[in-house]
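Heads up, the sequence shown is in this note's numbering, so the first residue is 540 and it goes up one at a time. For reference, the structure discussed in these notes is given below.
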Amino acid sequence: MSKAGKIVIYKVYLPVALIIFLFPGKIEAQVKDTISHIYQLSSVIVTALRVPVKESSVPFSVAVMTARENIQGLSLAEAVAGLPGLEVKARYNLSVGDRITNRGFGARTQFGVRGVRIIVDDIPATMADGQTNLEMIDLQDLSYVELLRGPGSSLYGNSSGGVLKLYSKPFPPEPYHFSFSSTNGSDGLFRWNGTIGATIAKTKVTGSFTNFNYNGYRDHSKADFNRAIVKMSSNLSPSDILMINAGYVHFVALSPGSLTKLEAEQNPKLANPLSVNNNAGENGTQFQASVSWKHRHDTISLLRINIYDSYRSVRNLIVGKIIELPQNAGGIDIFYDRNVDIMGKKVDLSVGTEAGFRFNNRKNYINNSGLQGDIFLNQDERVINTGLFTQAIVPITLKIDIAGSIRYDQTYFGVTDFISSTQNINNSGSRMMKGVSPALGIVYRFLKSLNCFANISTSFETPTSTELANRPGGVGGFNPDLNPSHAMEYEAGFRGSSNSIFQYDLTFYIINIKDELIPFEVLPDAPGGQDYYRNAGSSVHRGAEMSLLYYPLPSLKTRLSFTYIDAYFKNYVVKEINYSGNKVPGITPTRIVSEFTYYTPVKLYASVLTQIFGKVTANDANTANVNSYAIFDLDIGHDGISFGKDKKTKLLLSGGISNIFDTHYISSVTINATADRFYEPAPGRSFFLNACLVFN
């Protein structure tokens, strides 16, 4: 790190150290008890294996984190900062969303999420073809997150190079509940939310509405979201729980595009002139609903059935074309788990099946300076995925557990090309992609508070329907040359804790990937646009991840994570150009995140978040790069002032400064971009204030 960077770090951490020694006050016993309950290793329960399991018995690398609450709500990166293995690149371009990667899986995405399976409140947000959209999620309503860092295809199927589970805040315990919150910040950020809830007999209901507006740091990046969500949970009997969720979101967001290196340095607020000329951006509407039923017979067995569906209509303007994409997606999953006594051992056996679908009616038009031109693609697309899996968790001895799982998936892609059929050109057709994904892991508990684990797992990932539909020349049908990728991962690590105040883990892995999916752009000289995908021959991802959670005082929480990944092409040749040995673009090789949070006796708290990112390459040739950088954030807040009759009304205030030292940096890159437009600048120093009024 440069000398200037070290001076900046000293400026941040020296005041923090002084605070620790000058004001070592104790916080309330309730907060101390909460800390012990959440972070004591033996009490951490994870659901990444589809069943609740103590973290100490999981033979795979998992990470659990309480979502950061004092955030602006512009990016998921704010809520999960410091989660090892997972990287969320905030693009500050809400028309394309965050780039989310896990150990390099998902780095290819130019919009939405690929390669990482995302589940929200136990309902899949990832569609049958592996694409995920996150507009329905209110980031400031997140409660905690779980991350299965290794490939999860043996349990979750297609596009599971890591499984991210997001959980929203639980139903309030009070009979009646109302809250109003707002966020005001730099660059025209304004959000308000109203939430109302009630408990009637054994049924809990809550409803919320959110309006979100953001002018954007860069030109041509304004965004507006309106979101409504209703949730219900009812205890039908001591053994049965019924949950119903429904939601609506309408979004309008402009896209500033990416810049050349010179443009990003001289005027980072600039938008790509082609994006402005083509009025690039998207507007759309989504409705979704889900029903879940859980039946538990004592502690022996669990039956869970989820049914979910969504309708989404999007109009997306990009350089060269206008895409209209109404779509219907949903599915059903059935899961049964039972504890069985085999030879005196309590074996946990699970079996499940899933079926998902995605039906699109895609229309592409020529973009004439933001005006709709002639149609050049009109086709129906059908994706149907089915999967069957089983899992066993076997206690071999008091100290050793083994977990094994296997899943079979098949994904059908069908397309009917209406334009080609009128021209006697047959671009209609279908493709079937199949995968068998086994996994086997072992965990050994040296002590009650220290265990090690090792595993072998596999994953496969199909292209999405959008990636298959993007064919050079703008012709219809699906790309016959684009194939699914397959991966084999070897992983080992250990984790432990001490006296409920110290928790740590360290993991090493190596992943061999065949046919990794890589994005690239071509000049829009044909009406088909410029974003396409191809398969690399083979690549290797290897790395290490470390996390540390420490409470040196009841009033001080410290958190540190380190992520290292070396991702390179092992065999990759494109048009006689050999990229073998080059780094896989879009992946940050090193990340260090630390956060110090200090709680005062009067319920005030302050935290300093530091994030250090290594150098990133932006193209296959490794000729375009983003330099390493460090950013610092400061958050201050109060746990709430109670007033009114019976002190049942509470006011919570918080706020912060992002990028305290106004560092100029590139938050994300457009991989293999044309005209050297790789760079997407991030905002400089910005401010925000959160206020929440709660009535119980």
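Beta carbons: idealized from backbone N, C-alpha and C, even for Gly. Owing to the predicted nature of the structure, the values given are computational and were not obtained by experimental measurement.
**Three-state class that DSSP yields for Q679 in the structure shown** = Annotated three-state conformation of Q679 is helix, per DSSP.
**Asked** Would the region 888 to 901 and the region 858 to 873 be scored as touching if the rule is three or more Cβ pairs under 8 Å?
**Response** yes
**Asked** With 16 other CB atoms within 10 Å as the buried threshold, where does F644 fall?
**Response** buried
**Asked** How many Å lie between T665 and V1113 at the Cα?
**Response** 31 Å
**Asked** Relative to the C-alpha of L1237, which residue among V879, I610 and G968 is closest?
**Response** The question about residue 1237 has no answer here: the residues shown for the chain are numbered 540 through 1235.
**Request:** Could you tell me the boundaries of the beta strand (DSSP E) in which A931 lies?
**Result:** L910 to P934
**Prompt:** DSSP three-state call for D763: helix, strand or coil?
**Reply:** strand
**Asked** What separation, rounded to the nearest whole angstrom, lies between the Cα atoms of S831 and P623?
**Response** 31 Å
**Prompt:** Do you know whose CA, among D887, N855, A828 and T838, lies nearest N845's CA?
**Reply:** A828
**Message:** Which residue wins for smallest C-alpha separation from T749, given the options A737, G724, F790 and Y715?
**Reply:** F790
**Asked** Between the C-alpha atoms of G746 and I1049, what's the straight-line distance to the nearest angstrom?
**Response** 45 Å
**Item:** C-beta contact flag for N817 and G909 at 8 Å
**Value:** yes
**Request:** Could you name the residues that DSSP lists as bridge partners for S778?
**Result:** Bridge partners of S778: none, in fact.
**Asked** With DSSP run on the structure shown, which of helix, strand or coil describes E1219?
**Response** strand
**Request:** Per DSSP, which residues does Q825 bridge with? Please list them.
**Result:** V788 and R851
**Asked** Any idea if R1224 is buried or exposed, counting beta-carbon neighbours within 10 angstroms, 16 or more meaning buried?
**Response** By the neighbour-count criterion, in which a residue is buried when 16 or more other Cβ atoms sit within 10 angstroms of its Cβ, R1224 is exposed.
**Request:** Identify which residue in N784, T1139 and I861 has its Cα closest to the Cα of D848.
**Result:** N784
**Check whether D1159 and P1124 have beta carbons under 8 Å apart** = yes
**Asked** Just checking my contact of E1006 with G696 at CB under 8 Å: how many whole Å lie between their CB atoms?
**Response** Actually they are not in contact, since the Cβ atoms of E1006 and G696 sit about 18 Å apart, beyond 8 Å.
**Item:** The beta strand (DSSP E) enclosing V975, as first and last residue numbers
**Value:** G968 to L986
**Item:** V788 to N632 span [Cα, whole Å]
**Value:** 18 Å
**Message:** Going by DSSP in three states, P1140 sits in which element: helix, strand or coil?
**Reply:** coil
**Prompt:** Looking at L703 and L625, is the spacing between their C-beta atoms short of 8 Å?
**Reply:** yes
**Item:** Alpha carbon of A618 to alpha carbon of L681, nearest angstrom
**Value:** 8 Å
**Asked** What span of residues does the alpha helix (DSSP H) with T605 cover, start to end?
**Response** Element bounds for T605: not the alpha helix (DSSP H) but the beta strand (DSSP E), V601 to T605.
**Request:** Report the rounded CA-to-CA distance for F562 versus D1172, giving the unit in angstroms.
**Result:** Its pLDDT being 41, under 50, F562 is placed unreliably by the model, and nothing is read from it.
**Message:** If you reduce the DSSP assignment to three classes, tell me which class S1167 lands in.
**Reply:** coil
**Request:** Over the uninterrupted alpha helix (DSSP H) stretch that includes A737, give me the two end residues.
**Result:** It is not in any alpha helix (DSSP H) - A737 instead sits in the beta strand (DSSP E) that spans L728 to I739.
**Request:** Run the CB neighbour count on I1180, radius 10 Å, all protein chains shown included, and call it buried at 16 or more, exposed below.
**Result:** Taking every protein chain shown into account, the CB of I1180 has fewer than 16 other CB atoms within 10 angstroms, so this residue is exposed.
**CB of T1001 within 8 Å of CB of A978, strictly** = no
**Prompt:** From the DSSP output, which residues share a beta bridge with F748?
**Reply:** As DSSP reads the structure, F748 sits in a beta bridge with G733 and A767.
**Within 8 Å, strictly: CB atoms of I861 and Q911** = Cβ atoms of I861 and Q911: closer than 8 Å.
**Request:** May I ask you to verify whether the region 704 to 716 touches the region 591 to 605, counting CB pairs closer than 8 Å and requiring at least 3?
**Result:** Judged by Cβ distances under 8 Å, the region 704 to 716 makes no contact with the region 591 to 605, as fewer than three pairs qualify.
**Prompt:** If you check the beta carbons only, do S889 and R835 fall under 8 Å apart?
**Reply:** no
**Asked** Less than 8 Å separating the beta-carbons of G968 and R921?
**Response** no
**Request:** Taking only the alpha-carbon atoms, compute the straight-line gap between V585 and Q930 and give it to the nearest angstrom.
**Result:** 16 Å
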